[in-house]
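Undergrad: Each step along the sequence shown adds one to the number in full-length UniProt numbering, with nothing skipped, and position 649 is 649.
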Amino acid sequence: MDPVVADGDWLKAELTKLLGWDQCVVEGVLAAIDAADTRCDADEIVTNYMDDSSAARSLVHRFLDHKARVLEAAESSAGPHNSDHKGTGKASHNRQAGGRKGENAAGAGKSESGTSVQSSRRNAAGSNTHSQSRGEGPSSIAKQQKSNKGHVSEAPNGAHVVAPVQWATSQASTAASSVAQQGTSRGKQAGPKGKRRGNGGLDKLQLTLTDSIERKVANCLKCGKIYDCRKMSEAIIKFLESGGICSFCGNQVTLTSNGETVMPQTATGNQLVDLQNSKGVSAAEAGESNQEASSSVSVSKMDEAASRAAEFKDRLVEYDRNAAKRTTVIDDQSDYFEVDSNVWLSEQERRDLRQRLDREQELENSRRRNVRYTIDIVGRKVLIAEESKPSQDAQTASEAASRAAEATLQEAPQGGGAAAAAALDTAARAGTASVPSVTTSGTAPALRDLRAGPNPNLPMPAPLFLPRHQDAQNGAKARGSQTQSRGTRPGGGWRVPSSGRLQHDDIFADFEQETAVEVLYDNLGQVPELQAPEAPFNLCPPRADDAYLPEVVRPVSAAPQQSINAKLRSVLMPSSQKDSSPFSGPPPKLVPLDQLPDGMALLRGWLDVDTQVKIVQCFHKLGMGEGGFYTPTYAGGAELHVRMMCLGKHWDLRDRVYSDVRSIDGSRIPPIPPWLAKLVADCLSDASAARKQAFPKMETNVAIANFYASDGYLGLHQDKEEGRRSCRAGVPVVSFSIGASADFVFNNVQSMQGASYVELQSGDALVFGGPSRMIYHGVSKVYPERTCEEVVRRTGLLSGRLNLTFRQYIPDDEA
Ligand SMILES: O=C(O)CCC(=O)C(=O)O
Ligand SMILES: [Fe+2]
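#1: Less than 7 Å separating the Cβ of D719 from some heavy atom of ligand 2?
#2: Would you say the beta carbon of E798 comes nearer than 7 Å to a heavy atom of ligand 1?
#3: Going by other Cβ atoms of all chains shown within 10 Å of its Cβ, with 16 needed for buried, is S242 buried or exposed?
#4: By Cβ distance below 6 Å, which residues in the same chain neighbour G627 in space, the five residues on each side in sequence not counted?
#5: Does the beta-carbon distance from H777 to F744 come in below 8 Å?
#6: Cα-Cα, which of C223, T256, S257 is closest to S247?
#7: When the Cβ atoms of the region 684-691 are set against those of the region 611-626, are three or more pairs found closer than 8 Å?
#8: Quick one: what does DSSP say I669 is sitting in, helix, strand or coil?
#9: Under 7 Å Cβ to Cβ from F619, same chain only, skipping five residues before and after it: list those, please.
#10: If you draw a straight line from the C-alpha of V609 to the C-alpha of A703, how long is it?
#11: Just to check, is the beta-carbon of I615 closer than 7 Å to a non-hydrogen atom of ligand 1?
#12: Mind checking E360: buried by the 16 CB within 10 Å criterion, or exposed?
#13: Which residues mark the beginning and the end of the beta strand (DSSP E) in which S765 is found?
#14: Below 8 Å on the Cβ atoms is my contact criterion, and I expect S584 with S710 to pass it. Report the Cβ-Cβ distance as a whole number of Å.
#15: Quick check: the Cα distance between A740 and P586, rounded to an integer number of angstroms?
#16: Suppose you measure from the CA of T633 to the CA of C683; what does that come to, to the nearest Å?
#17: At a cut-off of 7 Å, would you count S737 as near ligand 1, judging by its Cβ distance to the nearest heavy atom?
#18: Does L622 come out as helix, strand or coil in the three-state DSSP assignment?
#19: Quick check for students: name the residue ranges of the alpha helix (DSSP H) that lie wholly in the region 677-704, counting only runs of 4 or more.
#20: For the alpha helix (DSSP H) containing S799, list its first residue and its last residue.
#21: Let me check one thing: in DSSP terms, what residues is T631 bridge-paired to?
#22: Leaving out five residues on either side along the sequence, give the residues of the same chain with a beta carbon under 8 Å from the beta carbon of Y757.
#23: Classify V616 as helix, strand or coil using the three-state DSSP reduction.
#24: Leaving out the 5 sequence neighbours to the left and right, which residues in its chain are closer than 6 Å to S289 when beta-carbon positions are compared?
#25: Given the structure, does H620 come close to ligand 1, in the sense that its CB is under 7 Å from one of the ligand's heavy atoms?
#26: Examine ligand 1 and report whether any of its heavy atoms sits within less than 7 Å of the Cβ of I704.
#27: Under 7 Å from any heavy atom of ligand 1, does the C-beta of V779 make it?
#28: Name the residue from R794, W675, D2, V731 whose alpha carbon lies nearest to the alpha carbon of E699.
#29: Can you tell me the Cα-Cα spacing of G244 and V253, whole angstroms?
#30: Should L760 be listed as close to ligand 1, given that the test is whether its C-beta is under 7 Å from any heavy atom?
#31: Tell me where the alpha helix (DSSP H) around residue 820 begins and ends.
#32: Assuming F695 contacts G769 under a Cβ cut-off of 8 Å, what Cβ separation, rounded to an integer in Å, is found between them?
#33: Got a sec? Which residues, its chain only, sit under 8 Å from K649 by beta carbon, not counting five neighbours each side?
#34: Could you check what DSSP says for A218 in three-state terms: helix, strand or coil?
#35: Classify A13 as helix, strand or coil using the three-state DSSP reduction.
#36: In chain order, what residues of the same chain lie with their CB nearer than 8 Å to the CB of L18, ignoring the 5 residues before and after it?
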């Protein structure tokens, strides 16, 4: 037994050293330990207030053990009258300690300068019994609070509010006693430490209060300061002492004890104590009067605090109710498309937004339906008309495209359609699946419903410009002609009024020409599968000098018409890139008519003028109808330099076969008029007679009509698609020539080397069959100045040459 250890000062010093706490805090803890009923209670204090420190626990145990032994020794030395305590030798040390303490305090007369625990006990002993002393133990405060009904009031919200005076009062009475015992020393002590040191009972009471409050960690709702009441410190004690007044901002931090709100304690209690002390009031009186004073002041403070709380509550509620009106939330992150799930939208806003989105979707759908493509035929571009105003702009774009296509077709009937088809075809190849159909109302049926898209392969950015001299040449000649009567723009040319993209202009650079030609030829290298029909080719356009014409508009004579591509070539193609003549090489030898090879006969002027006129008129009419004249193209896209049409069957330059329907546009093929067939038969008969050698029999079922403009020609070739039997049998070809004269070149090989030629004149009939059936032949030159004036005058035949060749096609399976 070590009396030093049994002394509270020893434990206080050890714990202070161990825990590093303020001494007054340690004193409070010691007071609680001293008041604990059992060792378990003491252990709990260690657990709760000393972080369950084993070192602290062992110190406490050591202290209690020694204390018990000291008390026991004192008891035994005092006599057996305390057998009651002995009888409960196993009773808690506290009881032992408590009992002994009281006696010790009273009897042993330990100095006031002992531990605060002892001091407290001794102080309390003056007016309190042992049981009272025990009543101050843990959890006794609540009981006191409940029993003290006079200090329980109803808060505005209905909650019970227990004025701090209840527990402050009891502590005040204790403190008052303590202070009374101490005289006025408390008030004289300088600094809080001294004050606390002399106020150990108060600390103990705070500790018990801490134990009783429900939320051990509280925070100030105004400034956020946190009060961790699990760890005792001077600040916490002060906080608890004040009943939850925030030491930082003065706000009330709500503390609840046993379900009841602890109201703040003002300094009033202590002040009163101090006041009473200073007046020399006895401890008991001071306690009573203190209690009463505290009670009345606290109630009034409670009312004041309650009304402040209610006011604050009302303000909060009001704010909550009206927050939406006074607050605008701009949520940039919120996707306004999220209409349905957007929590920031009111019902009305949601409805409005939904309607707006629906409207926009409708417009977008309508815009997609109305996309139009503008076809720049010469520029070979297909442009998407993106419209912002769907209906109106789409309509405008559509009309512009239609007018462009129509005007181009009508103004350049020899080639515009083909170029359009080629452009469309090219565009269609480059197009996407989603492109809509091209609307070309008023144009040829084959142009309608073609699907086209933008052509990324066409780099030419600017419209193609034609030089003015070309415009003058074409436009002037075309002016007043049938093209004008179709409503095309006076002055000729290819200007498209609405788009303005095709223009005449003197201003063009060489590189532009070459670029254009390059593009043109690039495109020609591609295979146009579908060739749009050309505008009707008028073999005999009306002319002013035609005597037979009625007295109507007498337009200037029509120009020999060229296809657009021919025009482009002649105007724009650098000489180096122009077609090399298929007749380059040694000039052919003119063959006298009596020296023609076997199987060839030339019946000069066999067709009289009337028959020629009849033939021209016939082909004038047929040429403008279904299956009429068109410009044949090779598979690669290059054009023949003649206009062609077929009777009986269609012969296709691209695949070189005969068919019943024109493959390029599905046209039906006009039949050979019987009078013409008879004419052919008669001619053949005459040819046999002339040669004194019968040509193989030939019943024509195919006729090919070619119109050569003044610059037209036809390369060396064989007529060999009429079937093996027809060709092998030497079934002859009968040819009629009308209009301008031309050089007919022929050879046994496809070369100008050793070639011969004869001049075919208007009205001539040429027959080649038998051994000459497979000669290579062609037309190298046309002589527009050498023509049959009468035929021209009577028919209005264009300057050029009309040639008809009659053959008999015998399919191989019939052979
Ligand atoms: O125009 C000519 O005289 C010849 C025509 C020709 O050879 C043909 O059409 O195959
Ligand atoms: Fe031929």
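Virtual Cβ for every residue (Gly too), placed ideally from N, Cα, C.
TA: Put simply:
#1: yes
#2: First, the residue type needs correcting, since residue 798 is Leu and not Glu in the sequence shown. No, Cβ of L798 sits at least 7 Å from all heavy atoms of ligand 1.
#3: buried
#4: R662, S667, R668, I669, P670
#5: yes
#6: C223
#7: no
#8: coil
#9: L539, A705, L802
#10: 20 Å
#11: no
#12: exposed
#13: According to the sequence displayed, residue 765 carries Ala and not Ser. Unbroken beta strand (DSSP E) run through A765: 765-768.
#14: No, S584 and S710 are not in contact; Cβ-Cβ is about 20 Å, not under 8 Å.
#15: 24 Å
#16: 31 Å
#17: yes
#18: helix
#19: none
#20: Note, S799: premise wrong, no alpha helix (DSSP H); not H, not E.
#21: For T631, which the question treats as bridged, DSSP gives no partner whatsoever.
#22: P588, K589, L590, V591, D743, F744, V745, F746, S780
#23: helix
#24: Caution applies to S289, whose pLDDT of 45 falls short of 50 and renders its modelled position unreliable; the model cannot decide the point.
#25: no
#26: yes
#27: yes
#28: V731
#29: 5 Å
#30: yes
#31: Residue 820 lies beyond the stretch modelled for the chain, which goes from 1 to 815, so this question has no answer here.
#32: 5 Å
#33: Y658, S659, D660, I669, N701, V702, Y809
#34: strand
#35: helix
#36: S53, A55, A56, L59
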